[in-house]
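Those protein sequence lines, which keep their order, are chains A and B.
Residues 13 to 111 (the working numbering) are what the first sequence spells out, left to right.
Residues 60 to 285 (the working numbering) are what the second sequence spells out, left to right.
Following: one structure in structure tokens, then a few remarks.
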Amino acid sequence: MIWAPLLVACAACYSLKLAGLSMPQRWLTNPRIQRTVPLLPVALLAALIAINTFSSGRHLALDARAVALAVAGIAVLLRAPFLVVVIAGAATAALVRLV
Amino acid sequence: MAATPTWNQTRRAVIRDALGIGIASGAYALSFGAISTTAGLSIVQTCAISILMFTGASQFAFVGVIAAGGSAWAGAATAALLGTRNALYGLRLVSLLEVAGLRRIVASHLIIDETTAMAIARDTPKAGRLAFWATGFVLFALWNLGTVIGALATQVLPDPRALGLDAAPPAAFLALIAPRLRAGEPMAVAMAAGVVALVLVPFVPPGVPLLVVAVLVVLYGLRPAR
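Written as structure tokens, this is what we have:
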């Protein structure tokens, strides 16, 4: 069942947006909060990259996806546009599986 | 000293930028639609996320957790954690937007990375407000259009894995965080987060490593200054 968590996540994301606009609370301007909040997406997305690349279910795995991530990394370093990075990653995995 | 641009020139520039960023986001939404349906969500669910959640990183994380075998609740928690930065954006936009009532309800939904960046980059509050609303509406329209097309496209594809679509989310996440990794601290945090998540994978249910990483980074960020 995906609908319940889906709608809860949507409500949570909207509430956070509304909270920023409606309740300018002191604690949000706290330097520690200001420092922590930008680090959250970096840490969570990095963890997602690691999990989606180097694991299958509850097992660690090293397969075509690792090569795909490396190629995507090169595309990022070359400042390729977002969609090019994504396509480069997917195409690499597809190619590695072909050979 | 350069001549001050007229309001017409400013308006044209704002609209042009909004269209540019909207088209780029539409392309980005294509991959969201494709990744979401590949992860097992229906087309209706995929479109509902883009309409109701409307914040890219959270959306990708929600379907990314499900794609990795995690529970949808773990995906929801991750999406909400990623959405916390929108609260900070809202705080910055309060004085600029000056919205109340229905307009505040609508404006809230449009507070994301792109609209905030476009709004605060303008020289005058009037141009900033126009940039916020123009970027918000253009992006909302093209984001949802891109999602539908991306979701429908996967229906006609034979095997998502053969096309490497399971490798698309990490590439997308990497492109998302790359601009934030130039400084030393975020880079170190990202590396540590990836290692911690992988170490936990064999020992806890899918999705849980992300929540542990979230708790650790909050503890790290809130640590007392020395």
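The C-beta atom is built at its ideal place from N, Cα and C for all residues, glycine as well.
Model, not experiment: these values are computed from the prediction.
Check, Outcome
"Going by the CB atoms, is the gap between A/Ala80 and B/Ala212 shorter than 8 angstroms?", "no"
"Are A/Gly85 and B/Leu233 touching if we call contact CB-CB under 8 angstroms?", "yes"
"Give the range of the alpha helix (DSSP H) segment to which B/Leu141 is assigned.", "Ala131 to Leu141"
"Residues of chain B with a CB under 7 angstroms from the CB of A/Val88: which are they?", "Leu233, Ala234 and Ala237"
"Going by DSSP, name the residue or residues bridged to A/Leu72.", "A/Ser67"
"Please state the DSSP three-state secondary structure of B/Asp182.", "coil"
"Quick check on the DSSP output: what are the complete alpha helix (DSSP H) runs of length 4 or more inside the stretch 175–249 of chain B, in order along the chain?", "184–214 and 227–236"
"Indicate the three-state DSSP secondary structure (helix, strand or coil) for B/Ala127 in the structure shown.", "coil"
"Quick test of the definition: if touching needs 3 or more C-beta pairs under 8 angstroms, does the stretch 123–138 of chain B touch the stretch 93–104 of chain B?", "yes"
"Quick one: residues in its chain with C-beta nearer than 6 angstroms to the C-beta of B/Ala273, no 5 flanking neighbours on either side, listed in chain order?", "Leu140"
"Identify whether B/Pro64 lies in helix, strand or coil by the three-state DSSP scheme.", "coil"
"Since B/Gly160 is in the alpha helix (DSSP H), which residue starts that stretch and which ends it?", "Gly160 to His168"
"Would you please verify whether the beta carbon of A/Ala21 is less than 8 angstroms from any beta carbon of chain B?", "yes"
"In chain A, which residues lie with their C-beta within 9 angstroms of the C-beta of B/Ile108?", "Leu18, Ala21 and Cys22"
"What whole-angstrom Cβ distance do A/Ser34 and B/Arg163 have, given they're in contact under 8 angstroms?", "7 angstroms"
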